[in-house]
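Peer 1: Questions regarding the structure given below will be posed in turn.
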């Protein structure tokens with residue numbers, strides 16, 4: 005699926021602003037989706053997840069992992085401030101080029117359907133976003149909710165709202181917009197009055213139609229610190245839009261490429277990124293990861309300049325240089341995944357499909373450590389899928405809290421998602437000597453009681 009392209013990222017575009025802010029982010033800053041509740045989206049009839057910096061999805065084919073990744077794409081589309089039809093069905097830039105590819109299957113297949121064909125009338129997303137810059141003294145995540153219907157000829161928004169809670173003054177801000185009404189309705193719910201002078205919220209001009217209005221608005225800082233300023237929610241929208249989906253293809257990684265600010269979904273721009281990493285001084289750290297993968301062989305990693313100011317990636321073993329076309333698929337893919345954590349424009353969220361592709365089972369522990377450690381270093385939240393039982397053996401107790409097993413209910417067809425830590429008797433079985441890979445391979449994780 006084609007995503008936002010570099011040529012479309014003008015300074016005024018929300019994704020371009022997200023790039024700038026991601027670049028300026030302090031590595032220790034907390035910025036991630038802390039909780040996600042989904043109702044009636046594809047096979048996700050009812051899913052409630054508490055998330056962490058590193059999140060892993062496991063399960064058989066057609067268990068719902070890809071549908072969850074589509075849900076993340078939907079959240080990204082909301083952050084880009086596309087209207088609901090564009091989010092679901094795509095937004096063409098020209099007749100032949102795509103700015104946003106939409107959600108797989110489009111609006112026709114986005115609503116949950118039971119096995120008898122009955123379709124849900126509305127779909128709900130409830131996203132809690134932890135962000136130090138937004139929260140400040142609030143101490144609670146920003147909570148964004150959007151409900152839409154795709155059962156009619158054209159999808160439309162039912163409700164769009166945002167809330168923050170301040171435990172110190174027991175005040176909750178709640179801004180609500182209902183599609184079709186002439187004016188935006190604004191409510192403040194509170195147990196006691198907010199600071200004096202608070203009158204109303206104000207909203208920016210809506211450049212993308214009536215949805216989503218809340219993320220085009222402002223929060224009055226008067227409620228937070230007594231000032232007369234407003235906090236621009238454009239920053240919150242940028243955080244939601246700042247996602248990168250990555251599934252590097254070796255054939256693409258072997259290509260020449262020119263200047264890049266972020267890898268493409270298939271790995272476009274890989275060699276140019278290696279050149280950028282060489283230029284900004286990050287190469288020694290990246291090279292250390294590659295040397296861990298092949299400790300007795302690789303001595304250097306660099307980009308070879310082409311004839312038209314483009315580049316091809318290469319490694320050095322002893323005195324021999326191997327350009328990308330001569331490097332194995334697994335090594336190329338590992339370098340690309342590692343390089344993604346040294347991009348000049350780090351996303352807030354990085355989504356990687358089937359992280360074990362092309363890697364020998366003995367190297368999966370290294371890959372897991374790469375994801376875990378670099379997520380914490382960069383502040384980028386990681387979502388990844390895997391079919392590898394072996395990789396599960398290297399999960400820590402903390403990892404298991406945000407490793408989610410996906411299964412399909414035989415009666416309803418709905419996807420069930422629950423963390424390993426919440427499966428009954430799971431931790432007990434580990435203490436008794438069972439191995440996660442065996443439980444996974446035998447189907448115990450999927451069949452464990454709810």
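In our numbering, the protein residues as written are 5 to 454. For glycine and all other residues, C-beta sits at the position ideal for the given N, C-alpha and C.
1. Could you give the DSSP three-state label for residue 352: helix, strand or coil?
2. When burial is assigned at 16 or more other CB atoms within 10 Å of the CB, is residue 324 buried or exposed?
3. Would residue 379 pass as a contact of residue 404 if the rule is Cβ separation under 8 Å?
4. Using three-state DSSP, classify residue 360 as helix, strand or coil.
5. With a cut-off of 8 Å on the beta carbons, I'd call residue 346 and residue 294 a contact; round off their distance for me.
6. Give the C-beta separation of residue 308 and residue 327 to the nearest angstrom, bearing in mind that I take them to be a contact with Cβ-Cβ under 8 Å.
7. With C-beta atoms as the reference, is residue 114 less than 8 Å away from residue 421?
8. Here's a check: name, in chain order, each residue in its chain whose Cβ is nearer than 6 Å to the Cβ of residue 154, leaving out the five neighbours to either side.
9. Specify whether the segment 349 to 366 and the segment 272 to 292 touch according to this definition: at least 3 beta carbon pairs, one from each stretch, less than 8 Å apart.
10. Buried or exposed for residue 399, please, with buried defined as at least 16 other CB atoms from any protein chain shown within 10 angstroms of its CB.
11. I'd like the span of the beta strand (DSSP E) that includes residue 59, first residue to last.
12. Using DSSP bridges, identify the partner residues of residue 51.
13. Can you give the beta carbon distance from residue 389 to residue 61, rounded, assuming they're within the 8 Å contact cut?
14. Since residue 165 and residue 218 should fall inside the 8 Å C-beta cutoff, what is the C-beta to C-beta distance between them, to a whole number of angstroms?
15. Residue 148 bridges to which residues according to DSSP?
16. Determine the DSSP secondary structure at residue 80, reduced to helix, strand or coil.
17. Are residue 247 and residue 145 touching if we call contact CB-CB under 8 Å?
18. Count the other CB atoms within 10 Å of the CB of residue 80; is the residue buried (16 or more) or exposed (fewer)?
19. Within 8 Å, do at least three Cβ pairs link the segment 117 to 128 to the segment 53 to 68?
20. Just to confirm before moving on: does the CB-CB distance between residue 91 and residue 102 stay below 8 Å?
21. From 280, 126 and 402, pick the residue whose C-alpha is nearest to that of residue 316; which is it?
22. Which first and last residues belong to the beta strand (DSSP E) in which residue 412 is found?
23. Name the one or two DSSP bridge partners that residue 302 has.
24. 8 Å is my cut-off, CB to CB: does residue 412 come that close to chain B?
Peer 2: In short:
1. Residue numbering aside, residue 352 sits at position 348 when the chain shown is read from its first letter. Looking at residue 352 - three-state DSSP - the assignment turns out to be coil, as it is neither helix nor strand.
2. Position 320 of the chain shown, counted from the first residue, corresponds to residue 324. Counting Cβ neighbours within 10 Å, residue 324 comes out exposed, since fewer than 16 surround it.
3. Here residue 379 refers to the residue found at position 375 when the chain shown is read from its first residue. Here residue 404 refers to the residue found at position 400 when the chain shown is read from its first residue. No; because the gap between Cβ atoms is not below 8 Å, this pair is not in contact.
4. The count along the chain shown starts at 1 and reaches residue 360 at position 356. DSSP places residue 360 in coil when its eight states are reduced to three.
5. Your numbering for residue 346 matches position 342 in the chain shown. Your numbering for residue 294 matches position 290 in the chain shown. Incorrect: roughly 12 Å between the Cβ atoms, too far for contact.
6. Indexing the chain shown from 1 puts residue 308 at position 304. Indexing the chain shown from 1 puts residue 327 at position 323. That pair is a contact at about 6 Å.
7. Counted from its first residue, the chain shown places residue 114 at position 110. Counted from its first residue, the chain shown places residue 421 at position 417. No, Cβ-Cβ distance for residue 114 and residue 421 is not below 8 Å.
8. Taking the chain shown and counting its residues from 1, the one referred to as residue 154 is at position 150. Sequence-distant partners of residue 154 (beyond 5 residues in either direction) whose C-beta falls short of 6 Å from its own C-beta, in its chain, are 111, 114 and 115.
9. The segment 349 to 366 vs the segment 272 to 292: no contact.
10. Taking the first residue of the chain shown as position 1, residue 399 is located at position 395. Residue environment analysis places residue 399 among the buried positions, since at least 16 neighbouring C-beta atoms fall within 10 angstroms of its C-beta.
11. Within the chain shown, the letter at position 55 stands for residue 59. Residues 58 to 63.
12. Translated into the one-based positions of the chain shown, residue 51 becomes position 47. 42, per the DSSP bridge assignment.
13. Residue numbering aside, residue 389 sits at position 385 when the chain shown is read from its first letter. Residue numbering aside, residue 61 sits at position 57 when the chain shown is read from its first letter. With a contact defined as Cβ atoms closer than 8 Å, residue 389 and residue 61 qualify at about 5 Å.
14. As a working note, residue 165 is residue 161 in the chain shown. As a working note, residue 218 is residue 214 in the chain shown. Sure, about 6 Å apart at Cβ, within 8 Å.
15. Position 144 of the chain shown, counted from the first residue, corresponds to residue 148. Residue pairing by DSSP places residue 148 opposite 131 and 166 in a beta bridge.
16. The residue labelled residue 80 in the question sits at position 76 within the chain shown. Residue state for residue 80 is assigned as helix, using DSSP reduced to three classes.
17. Working through the chain shown from its first residue, we reach residue 247 at position 243. Working through the chain shown from its first residue, we reach residue 145 at position 141. A distance of 8 Å or more separates the beta carbons of residue 247 and residue 145.
18. Translated into positions along the chain shown, residue 80 becomes position 76. Looking at its Cβ environment, which holds 16 or more other Cβ atoms inside 10 Å, residue 80 is buried.
19. Taking a contact to require three or more Cβ pairs closer than 8 Å, the segment 53 to 68 and the segment 117 to 128 do not qualify as touching.
20. Taking the chain shown and counting its residues from 1, the one referred to as residue 91 is at position 87. Taking the chain shown and counting its residues from 1, the one referred to as residue 102 is at position 98. It is not a contact, given that the beta carbons lie outside the stated cut-off.
21. Counting from 1 along the chain shown, the entry for residue 316 is found at position 312. Comparing alpha carbon positions, the residue from 280, 126 and 402 closest to residue 316 is 280.
22. Along the chain shown, read from residue 1 onward, the residue named residue 412 stands at position 408. Note, residue 412: beta strand (DSSP E), 407 to 412.
23. Residue 302 sits at position 298 when you count from the first residue of the chain shown. Paired residue(s): 321.
24. Absent from the structure is chain B; it holds one protein chain and no more.
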